[in-house]
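Trainee:
Number of protein chains: 2
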Amino acid sequence: MTSKSSDVRPRPAAGIEHWDYEADVVVAGFGVAGASAAVEAATAGADVLVLERTGGWGGAAAMAGGFIYLGGGTPLQKACGFDDTALNMKAFMKAALGPGVDEPKIDAYCEGSVDHYHWLADECGVPFKASFWGEPGWEPPGDDGLQYTGGENAAPFAATIPPAPRGHVPQMQDKHVSSEKGGGYMLMKPLTDKAAALGVRAEYDMRVQTLVTDEDGRVVGVVAKQYGKEVTVRARRGVVLATGSFAYNQAMVEAYAPRLLNRPAASIEEHDGRAIQMSQALGADLAHMDATEVAFFCDPQLFIRGILVNGRGQRYINEDTYPGRVGQATLIENQNQAFLIIDEEAYEAGMAAPSSSPQLKRKPRWVCETVAELEAEMGLPEGALQSTVEVYNRHAQQGADPLLGKKAEWVKPIGSPIAALDLRNSTGGFTLGGLRTSVDSEVLHVSGDPIPGLFAAGRCTAGVSAGGYASGASLGDGSFFGRRAGRSAAKA
Amino acid sequence: MTSKSSDVRPRPAAGIEHWDYEADVVVAGFGVAGASAAVEAATAGADVLVLERTGGWGGAAAMAGGFIYLGGGTPLQKACGFDDTALNMKAFMKAALGPGVDEPKIDAYCEGSVDHYHWLADECGVPFKASFWGEPGWEPPGDDGLQYTGGENAAPFAATIPPAPRGHVPQMQDKHVSSEKGGGYMLMKPLTDKAAALGVRAEYDMRVQTLVTDEDGRVVGVVAKQYGKEVTVRARRGVVLATGSFAYNQAMVEAYAPRLLNRPAASIEEHDGRAIQMSQALGADLAHMDATEVAFFCDPQLFIRGILVNGRGQRYINEDTYPGRVGQATLIENQNQAFLIIDEEAYEAGMAAPSSSPQLKRKPRWVCETVAELEAEMGLPEGALQSTVEVYNRHAQQGADPLLGKKAEWVKPIGSPIAALDLRNSTGGFTLGGLRTSVDSEVLHVSGDPIPGLFAAGRCTAGVSAGGYASGASLGDGSFFGRRAGRSAAKA
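Chains R and Z, in that order, are what the protein sequence lines are. The first sequence begins at 12 in this note's numbering and counts up one residue at a time. The second sequence begins at 12 in this note's numbering and counts up one residue at a time.
1) Name, please, each residue of chain Z whose Cβ falls closer than 8 Å to the Cβ of L272 of chain R.
2) Please classify M12 of chain R: is it buried, with 16 or more other beta-carbons within 10 angstroms of its beta-carbon, or exposed?
3) Can you tell me whether K200 of chain Z is buried or exposed? The criterion is at least 16 other CB atoms within 10 Å of its CB, across all chains shown.
4) Does the region 254-264 of chain Z come into contact with the region 274-289 of chain Z, if we say contact requires no fewer than three beta-carbon pairs (one atom in each stretch) closer than 8 Å?
5) Output needed for L414 of chain Z: all residues of its chain with C-beta closer than 8 Å, excluding positions within five of it in sequence on either side, in chain order.
6) Would you say V230 of chain Z and P23 of chain Z are within 9 Å of each other, going by their C-beta atoms?
7) Please report how far the alpha carbon of F139 of chain R lies from the alpha carbon of T85 of chain R, in whole angstroms.
8) Would T399 of chain R pass as an interface residue toward chain Z - the criterion being a Cβ-Cβ separation below 9 Å?
9) Can you have a look at G145 of chain R and say buried or exposed, based on whether 16 or more other CB atoms are within 10 angstroms of its CB?
10) Shorter than 9 Å from the beta carbon of S458 of chain Z to some beta carbon of chain R?
11) Counting only beta-carbon separations shorter than 9 Å, does P413 of chain Z have a partner in chain R?
12) Do we get a CB-CB distance below 9 Å when we pair R405 of chain R with the residues of chain Z?
13) Can R305 of chain R and Q346 of chain R be called in contact, C-beta distance under 9 Å?
14) On the DSSP letters alone, give me the boundaries of the alpha helix (DSSP H) that M263 of chain R sits inside.
15) Nearest-angstrom Cα distance between T442 of chain R and G497 of chain R?
16) Drop a sphere of 10 angstroms on the beta-carbon of Q370 of chain R, count the other beta-carbons inside from all chains shown, and report buried for 16 or more, exposed for fewer.
17) So H29 of chain Z packs on G294 of chain Z, CB below 8 Å; how close in whole Å?
18) Where are the alpha helix (DSSP H) runs, 4 residues long or more, that stay fully inside the region 80-138 of chain R, in chain order?
19) Could you please give the first and the last residue of the uninterrupted beta strand (DSSP E) stretch that includes G464 of chain R?
20) If you reduce the DSSP assignment to three classes, tell me which class Q339 of chain Z lands in.
21) When you compare the CB of P269 of chain R with every CB in chain Z, is at least one pair closer than 9 Å?
22) For A166 of chain R, I'd like the list of residues in its chain whose CB is within less than 6 Å of its CB, leaving aside the five on either flank, ordered along the chain.
23) If I'm right that A71 of chain R touches G42 of chain R with Cβ under 8 Å, what's the distance once you round it to whole angstroms?
24) So that I know if they touch, is there some Cβ in chain Z lying closer than 9 Å to that of M300 of chain R?
25) Under 9 Å Cβ-Cβ, which residues of chain Z neighbour D296 of chain R?
26) If you follow the alpha helix (DSSP H) that Q325 of chain R is part of, which residue opens it and which one closes it?
27) Please list, in chain order, the chain Z residues whose beta carbon lies closer than 7 Å to that of Q325 of chain R.
28) How far does the alpha helix (DSSP H) with Y32 of chain R in it reach, from first residue to last?
29) Let me check one thing: in DSSP terms, what residues is F78 of chain Z bridge-paired to?
30) When DSSP builds the beta bridges, which residues end up paired with A298 of chain R?
31) Would you check if the region 43-55 of chain Z and the region 204-223 of chain Z touch, i.e. whether three or more CB-CB distances between them fall below 8 Å?
32) Output the boundary residues of the beta strand (DSSP E) element that contains I287 of chain R.
33) Chain Z beta carbons: is any one of them nearer than 9 Å to that of S494 of chain R?
34) Kindly indicate which three-state DSSP category P151 of chain Z falls into: helix, strand or coil?
35) Reducing DSSP to helix, strand and coil, say where W68 of chain R ends up.
36) Which stretch, first to last residue, makes up the alpha helix (DSSP H) that contains T203 of chain Z?
Set out below in structure tokens:
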């Protein structure tokens with residue numbers, strides 16, 4: 012048995028002869044969780060050093076659409092005419108992101124959400140435009156600031172939990188000119204500017220290798236590699252881990268979330284899970300390691316206008332819900348098999364509808380005059396698809412979808428010509444599980460106690476999601492609990 | 012933050028003033044993995060002490076049906092007229108127990124399977140009766156020794172992987188007189204007799220609390236509680252952990268396998284996950300923590316004769332497969348919603364068919380003359396169930412099930428009167444994930460290196476299953492890798 016990565020083991024501080032860098036709070040990773048931690052630690056008076064593996068700040072966040080899941084009545088929600096309460100937000104998150112959600116974390120997140128909005132907008136200068144995008148889509152095609160991003164206004168949630176849109180996206184600048192000014196960039200630029208203004212230092216090309224502990228087991232620094240050379244970094248108060256998910260660690264994905272094997276998405280190659288492993292070597296506990304965000308590579312403007320069927324020709328989800336729920340249901344519950352059944356008129360309407368994802372305007376694979384022909388061409392057993400369409404159409408004539416509860420406005424009988432889009436194996440995503448942390452972002456030992464000096468946030472931790480997902484929950488809990496990690500470390 | 016179970020942290024050997032017990036190899040848990048480890052360690056010349064939490068040997072194994080998943084051409088398979096090869100066994104296990112299976116472990120398991128049979132039968136005296144039970148069922152109702160227990164002879168596997176029955180069950184004695192002489196008992200009695208004959212000592216009412224390590228990090232003992240008093244146990248060569256799953260640790264189930272919350276089955280309250288946590292405190296790695304065996308509480312003799320539909324009235328699995336696959340598909344892919352649709356004649360036949368589980372001969376909830384009436388009574392949308400039955404019957408008239416591939420012998424049009432059994436929330440099970448171990452049953456540190464002196468097997472480890480399951484895989488890998496744990500510890 013050869014050692015695969017034995018340097019994830021902690022190094023004893025007594026063996027460190029020289030510290031190359033030193034700060035009160037050392038933050039690993041300059042994505043959304045790391046930047047939020049840095050700002051708050053610096054605001055609390057700490058001298059902060061961020062170690063970033065790549066050549067610049069941003070992480071996966073800067074490349075993301077930029078949604079932050081916020082609610083409870085934010086100024087943006089109010090300006091767009093939506094009521095929301097922390098109570099409704101909690102109810103939705105607990106229903107949609109489980110089973111097995113971390114309830115204290117969701118409670119803290121929802122109760123602090125309006126404050127978090129103010130911090131982002133007022134303290135850090137993240138711009139939000141007070142306009143609502145109400146069309147189906149992964150993201151607004153323009154610079155609108157608010158969208159439904161969790162299926163709040165769709166079955167099965169809308170019937171019992173008053174819905175509100177909670178996807179807050181920073182206002183994009185010249186979106187069509189440069190992808191570098193999308194919502195994620197417009198979140199990260201102000202956050203990192205703020206960090207710089209507060210005196211936060213950053214070292215780039217710094218790969219964190221392992222943690223340094225003193226004789227009492229307290230984390231007092233990290234060992235990193237910079238330009239291939241090992242460097243030591245002393246943390247006088249605490250270390251914050253914020254290095255992202257394990258979506259690009261093949262062995263970890265195989266061991267914990269194998270359905271996601273070879274299909275990482277919305278994540279970056281730096282997401283190698285090392286922060287998780289370094290912490291496991293200290294006895295850190297884990298949670299929800301199988302949980303995954305799942306993108307579904309088709310424009311919702313298309314699939315909301317038809318019916319999604321699985322490999323048996325059966326409908327399995329209301330097509331008007333959050334497309335990430337469609338992705339999860341397809342990958343986890345339907346063997347990654349999906350087809351969109353849609354008539355020509357609806358397809359054309361979907362193609363013409365605005366979308367921020369033109370590459371997801373997928374083409375039909377089969378087009379026929381009748382459902383029977385389509386069914387045969389798709390290789391489905393006789394009657395399998397015909398019966399699905401017949402039952403759907405029967406109710407659609409009354410504008411109803413009693414099987415899955417799609418909203419009446421999107422329910423319309425499927426006519427002819429009829430097409431099928433082949434959406435098999437059209438999913439990808441990132442991992443949501445990781446280190447178990449307290450509501451104050453302390454990394455918890457398997458004993459239940461915090462590991463002294465060690466804090467974490469973002470996708471190296473298990474955050475508010477336990478399996479379900481809503482767009483914005485990751486930048487949301489990354490920034491929210493990133494801030495708490497920074498504050499906790501600063502006073503440690 | 013108060014400490015929940017801080018004593019899972021390792022104790023330094025230097026702080027132990029007195030060892031209450033001492034042995035070369037200390038085995039925690041006297042179920043199938045522990046007994047197998049004890050026998051092999053003793054056979055290798057080690058002085059062995061087993062620490063068992065309850066008042067007697069047996070663990071969950073002694074209460075189980077007793078299946079051991081074996082193949083590759085065992086004497087029992089041959090005596091019953093079945094061909095099998097290690098290659099076919101590997102192909103099946105890799106296809107059925109994944110995704111993400113530990114391939115080296117499956118390879119070792121399949122290549123060593125015939126030898127393992129000989130060890131069980133010839134070395135240890137586990138009795139197997141050379142008779143095959145070919146009816147649908149969880150277990151043979153009598154004392155037959157061989158059964159299909161993984162869906163090998165059903166879709167989708169049978170078409171590409173030559174099937175063979177691999178569920179080997181020890182011959183029961185007076186089964187109807189005493190449940191203490193079921194297959195699991197008849198496995199554990201010979202194993203523990205063999206251990207005793209080899210001089211293995213056992214201490215009962217011993218709750219292992221944590222591991223003891225020396226200054227190099229080697230595991231050199233355990234701390235336990237006996238009759239409420241803390242005792243120390245020195246392991247001169249190694250410690251083997253074999254204390255079962257975490258199915259009864261509510262916090263762990265919530266964090267890792269929340270779909271199983273409040274529905275443990277085929278497990279015992281002693282399965283508290285402590286061995287996993289004690290090892291995590293040493294930096295042990297984990298795998299497949301979400302994987303679960305899922306029992307489905309209905310007699311296969313009933314459901315094979317009808318069609319299973321989900322909460323939308325859709326079929327979702329071939330009813331002639333391994334019932335554990337039905338359980339997994341129901342719980343994980345269909346929101347734990349299932350109904351059995353069956354006509355009177357088939358129901359009566361199923362009720363009359365032999366079964367080892369009379370309590371699973373469930374009663375109908377609704378009985379109607381027509382499918383339309385049944386559909387309405389069940390509260391399904393008009394057409395949802397009618398179309399399912401219509402399409403099934405259309406093909407069943409030709410003896411075919413093109414949708415899901417149920418074998419022709421079980422395909423028969425559904426007539427009238429027609430009934431529905433309410434099988435919602437009729438699942439339960441145990442966890443399959445746990446410590447990551449090598450093929451030699453060394454507990455692996457997150458670095459990839461073995462933790463010196465620490466070995467494990469059975470359900471506190473991730474064994475051959477990564478999510479899928481076959482009956483006998485748990486007693487199978489528990490005994491197989493339990494033996495390896497004992498041998499590895501004896502020579503450590």
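In this text, a Cβ means the ideal position worked out from N, Cα and C, and glycines have one as well.
Mentor: Taking the definition as stated:
1) P110, G111
2) In this predicted model, M12 of chain R has a pLDDT of only 33, less than 50, meaning its place in the structure is not dependable; the value taken from the coordinates is given anyway. Flag for M12 of chain R reads exposed.
3) buried
4) yes
5) R326, V402, Y403, H406
6) no
7) 11 Å
8) yes
9) exposed
10) yes
11) yes
12) yes
13) Sequence inspection shows Val at residue 305 of chain R; the Arg mentioned does not correspond to that position. No, the Cβ-Cβ distance between V305 of chain R and Q346 of chain R is not below 9 Å.
14) 261-267
15) 23 Å
16) exposed
17) That belief does not hold up - the Cβ atoms of H29 of chain Z and G294 of chain Z are roughly 28 Å apart, past 8 Å.
18) 86-90, 97-107, 114-122, 124-129
19) 461-467
20) helix
21) yes
22) N329, G416
23) 6 Å
24) yes
25) A266, Q288, Q291
26) No alpha helix (DSSP H) holds Q325 of chain R; DSSP gives it neither H nor E.
27) Q325
28) Premise fails: Y32 of chain R lies in the beta strand (DSSP E), 32-39, not in any alpha helix (DSSP H).
29) In the DSSP output, where bridge partners are listed per residue, F78 of chain Z has none listed.
30) R:G445
31) yes
32) From DSSP, I287 of chain R is part of no beta strand (DSSP E) but of the alpha helix (DSSP H) over 285-291.
33) Here residue 494 of chain R turns out to be Arg, not Ser, going by the sequence shown. Answer no: the Cβ-Cβ gap between R494 of chain R and chain Z never drops below 9 Å.
34) coil
35) coil
36) 194-208
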